Structure formats: structure tokens, C-alpha cells
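For reference, the structure is listed below as C-alpha cells.
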Amino acid sequence: MGRNLIAALGRVAPEHHYLVITPDGSGYDAALGGAPSMRQVAVPHRGVAGRLAFDWLSLPRLVRAFSPDVILWLGN
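Following numbering that gives the first Met the number 0, the numbering of the sequence shown begins with 0 at its first residue and continues without gaps.
Take a look at the structure:
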């Protein structure tokens, strides 16, 4: 579902800009299709400590820099 949604966003509303944060090696880069309106940040798996560091340090900086109008989270 996530890959289809991401691919559809780029086709349906290409005038908007999207920041897509995905697990590294999960195949989402194919769904992005190289669309210029899509910016992907692939997060490598670095264990629990790496995930916590990303969630608490890197992710807030990415979101503030991108300044989104809407955030859609497809995680659990």
C-alpha cells in the first residue's frame, strides 16, 4: 500500500513537493520513479541505538527543514 500511495502522489499532484523517509533497501526508490517533486531519505538499519538517534535527532531536523503542511505516517 505504501509504495502505491507514494507512486500515486507523484503522478496525481506533481506540483507539490514530498519528503519521503523510508527504510534503506525497502524498494521505495522504485515507487518514487525519479520524480523531481519527491525527495527520499533512506534510513539505514543501525540497531536500536541508531534508530533512537535518528528518531530523536535527525528526523526532527529533517522535518523542520522541509516545513511540511501535512505529515502522513504509514508506520505502526
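C-beta: ideal position from N, C-alpha, C; glycine also. All of these numbers come straight from a predicted model, not from anything done at the bench.
Buried is the label assigned to residue 9, since at least 16 other Cβ atoms lie within 10 Å of its Cβ. The continuous stretches of alpha helix (DSSP H) do not include residue 22, which lies in the beta strand (DSSP E) extending over residues 17-22. Boundaries of the alpha helix (DSSP H) around residue 62: 58-65. Within 10 angstroms of the beta-carbon of residue 70 lie fewer than 16 other beta-carbons, which makes it exposed.
If you look at residue 2, you'll find it in the alpha helix (DSSP H) that goes 1-11. Between the alpha carbons of residue 6 and residue 48 lies a distance of about 31 Å.
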